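Student:
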Amino acid sequence: MSEKRKKPGAKRYLGVIIAGAAFLIFILILPTYREKSLSMMAYQAKTMLLVIPPIFVLLGLLDVWVPREKMIKFMGKGSGPKGSALAFLLGSFAAGPLYGAFPVAAVLMKKGAAFFNIMIFIGAWSTTKIPMLLFEMSALGKRFALSRLAIDIVGIVVIAWAMAAALGKEEIGKIYQNAESLE
Amino acid sequence: MDTIILYLAAGIGLGFSFFKDRKKTKSALQKALKAFEGILPQFLVVLILVAITLSVLDTATISRFLGTKSGIFGILAASVVGAITLIPGFIAFPAAAALLQNGAGSTQIAAFVSSLMMVGVVTLPMEMKHFGKRAAFIRNAFAFVFSLIAALFVGWVVGL
Numbered sequence: 564m565s566e567k568r569k570k571p572g573a574k575r576y577l578g579v580i581i582a583g584a585a586f587l588i589f590i591l592i593l594p595t596y597r598e599k600s601l602s603m604m605a606y607q608a609k610t611m612l613l614v615i616p617p618i619f620v621l622l623g624l625l626d627v628w629v630p631r632e633k634m635i636k637f638m639g640k641g642s643g644p645k646g647s648a649l650a651f652l653l654g655s656f657a658a659g660p661l662y663g664a665f666p667v668a669a670v671l672m673k674k675g676a677a678f679f680n681i682m683i684f685i686g687a688w689s690t691t692k693i694p695m696l697l698f699e700m701s702a703l704g705k706r707f708a709l710s711r712l713a714i715d716i717v718g719i720v721v722i723a724w725a726m727a728a729a730l731g732k733e734e735i736g737k738i739y740q741n742a743e744s745l746e
Numbered sequence: 011m012d013t014i015i016l017y018l019a020a021g022i023g024l025g026f027s028f029f030k031d032r033k034k035t036k037s038a039l040q041k042a043l044k045a046f047e048g049i050l051p052q053f054l055v056v057l058i059l060v061a062i063t064l065s066v067l068d069t070a071t072i073s074r075f076l077g078t079k080s081g082i083f084g085i086l087a088a089s090v091v092g093a094i095t096l097i098p099g100f101i102a103f104p105a106a107a108a109l110l111q112n113g114a115g116s117t118q119i120a121a122f123v124s125s126l127m128m129v130g131v132v133t134l135p136m137e138m139k140h141f142g143k144r145a146a147f148i149r150n151a152f153a154f155v156f157s158l159i160a161a162l163f164v165g166w167v168v169g170l
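Chains F and Z, in that order, give the protein sequences. Take 564 as the starting number for the first sequence in the working numbering and just add one per residue. Take 11 as the starting number for the second sequence in the working numbering and just add one per residue.
(1) Can you pull out the residues from the segment 578-595 of chain F whose beta carbon lies closer than 7 Å to at least one beta carbon of chain Z?
(2) DSSP on Gly639/F, reduced to helix/strand/coil?
(3) Tell whether a beta-carbon distance below 9 Å holds between Thr78/Z and Asn112/Z.
(4) In whole angstroms, what is the alpha-carbon distance linking Ala160/Z and Leu591/F?
(5) Should Leu612/F be counted as a contact of the ligand ADP given a C-beta to heavy atom distance under 8 Å?
(6) Residues of chain F with CB under 8 Å from Gly142/Z, in chain order?
(7) For Ile119/Z versus Leu703/F, is the C-beta spacing smaller than 9 Å?
(8) Who are the Cβ neighbours of Ser565/F in its own chain at under 8 Å, not counting the five residues just before and after it?
(9) Quick one, which of Leu158/Z, Thr117/Z and Phe156/Z has its alpha-carbon nearest Arg756/F's?
(10) Please return the same chain residues whose Cβ sits closer than 7 Å to the Cβ of Leu158/Z, not counting the five positions on each side in sequence.
(11) Ordered along the chain, which non-local residues of its own chain (more than five positions away) have a Cβ less than 8 Å from that of Gly21/Z?
(12) I'd like to know whether the C-beta atoms of Lys609/F and Ser655/F end up nearer to each other than 9 Å.
(13) For Phe698/F, decide whether its Cβ has a neighbour in chain Z, counting only Cβ atoms nearer than 9 Å.
(14) Output needed in chain order: residues of the segment 613-638 of chain F with a Cβ under 8 Å from some Cβ in chain Z.
(15) Whose Cβ in chain Z lies nearer than 8 Å to the Cβ of Leu703/F?
(16) From Phe28/Z to Ile15/Z, what distance separates their C-alpha atoms?
(17) Among Leu622/F, Val579/F, Asn741/F and Phe586/F, which one has its Cα closest to the Cα of Gly23/Z?
(18) Can you list, in chain order, the residues of the segment 20-40 of chain Z whose Cβ is nearer than 9 Å to any Cβ on chain F?
(19) Since Glu733/F and Arg144/Z are thought to touch, with beta carbons under 8 Å apart, how far apart are those beta carbons, to the nearest angstrom?
(20) In chain F, which residues lie less than 9 Å from Leu158/Z when you measure between Cβ atoms?
(21) Name, please, each residue of chain Z whose Cβ falls closer than 7 Å to the Cβ of Pro608/F.
(22) If you count every other CB in all the chains shown that lies within 10 Å of the CB of Gly92/Z, and 16 or more means buried, which is it?
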């Protein structure tokens with residue numbers, strides 16, 4: 564979970580205040596929509612507040628218990644399927660939005676993880692996170708979530724492979740050099 | 011339901027964690043709380059926007075633009091919106107579920123969810139900083155095309 568960019572409270576809630584004001588104006592001007600929008604909001608809030616707490620507990624637990632340092636060691640060149648599987652797990656057990664993965668990827672590159680594994684890691688982070696999968700199952704249905712997971716696993720591997728092929732050794736070398744210079 | 015599975019998983023995890031290391035468990039809970047507070051503003055904004063949007067758009071309108079019959083245009087529109095927006099999954103899923111219940115098609119919603127997660131137009135500058143321009147562009151292009159394929163697959167499975 565990224566701790567940077569903590570804006571002060573009032574500023575962070577500015578959007579909420581604006582949206583809330585807009586909502587008030589909306590139901591005052593157009594009372595026909597009042598009932599429907601209020602019941603929609605209550606329903607959404609209820610569902611989300613019911614489902615969100617266990618997800619965040621799971622994310623917190625993963626953050627604390629997954630031994631990142633140890634996993635990174637086994638993701639180097641020639642680590643084979645085991646290294647890729649670890650990269651996949653590392654991404655799937657992560658927390659936070661995709662942009663949180665880029666700095667971690669840079670650290671992985673510095674520590675010598677293979678480029679294919681880095682791309683697997685990025686792919687997994689973006690789309691196969693386990694607490695999110697549970698949430699997706701409850702919101703959109705098991706069939707939806709599990710079929711998406713299945714095709715995503717294929718897609719992650721294909722994209723990683725295609726990236727490594729499309730960029731070529733020289734460009735990948737440059738990316739690694741660039742990662743060294745970051746921070 | 012599935013919510014019970016979530017609570018069971020969290021409960022069992024917490025139990026194990028507490029048994030093994032109380033301090034770590036405490037910091038996990040603190041992190042959970044902090045993360046929740048972190049998304050709360052966004053969560054509330056989306057909640058309000060969804061309430062307004064879905065009260066104005068009736069089922070017929072939603073299914074015209076995002077329904078099964080909206081076809082390839084609906085799929086493309088949904089994935090473009092997904093690629094551009096930057097919403098965490100726990101906020102997007104309930105909104106997507108609401109759209110589904112109100113007449114959107116599974117393929118279109120899958121296109122939105124997939125490209126939302128894999129493609130990041132807004133975060134492209136950050137990605138370029140770490141991977142360079144070319145790699146970042148290529149990855150997002152691949153991810154966009156793939157999210158269309160994934161959507162077709164999910165739509166097919168759900169419709170079986």
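For every residue, glycine included, the Cβ atom is placed at its ideal position computed from N, Cα and C. From a predicted model like this one, the values you see are computed outputs, not experimental measurements.
Tutor: Reading off the structure:
(1) Gly578, Val579, Ala582, Gly583, Phe586 and Phe589
(2) Three-state result, Gly639/F: strand.
(3) no
(4) 42 Å
(5) With respect to the ligand ADP, the structure shown offers nothing to examine, as it has no ligands at all.
(6) Simply Glu734, Lys737, Ile738 and Asn741.
(7) Yes, they are a contact pair.
(8) At Ser565/F, the pLDDT of 43 sits below 50, so the modelled position is not reliable; the number obtained from the coordinates is stated separately. Excluding sequence neighbours, Ser565/F sits near Gly659 and Gly663.
(9) For chain F, the structure presents residues 564 to 746; residue 756/F sits outside this window and is missing.
(10) Ile85, Ser89 and Ala121
(11) none
(12) no
(13) yes
(14) Leu613, Val614, Ile615, Pro616, Pro617, Ile618, Phe619, Val620, Leu621, Leu622, Gly623, Leu624, Asp626, Val627 and Trp628
(15) Per Cβ cutoff of 8 Å: Phe103, Ala106, Ala107, Leu110, Ile119 and Val123.
(16) 20 Å
(17) Leu622/F
(18) Ala20, Gly21, Gly23, Leu24, Phe26, Ser27, Lys30, Asp31, Lys34, Thr35, Ser37, Ala38, Leu39 and Gln40
(19) Rounded, the Cβ-Cβ distance is 12 Å, inconsistent with contact.
(20) Within 9 Å Cβ-Cβ: nothing; Leu158/Z doesn't reach chain F, min ~11 Å.
(21) The sequence given here has Ala at residue 608/F, not Pro. Simply Leu57.
(22) buried
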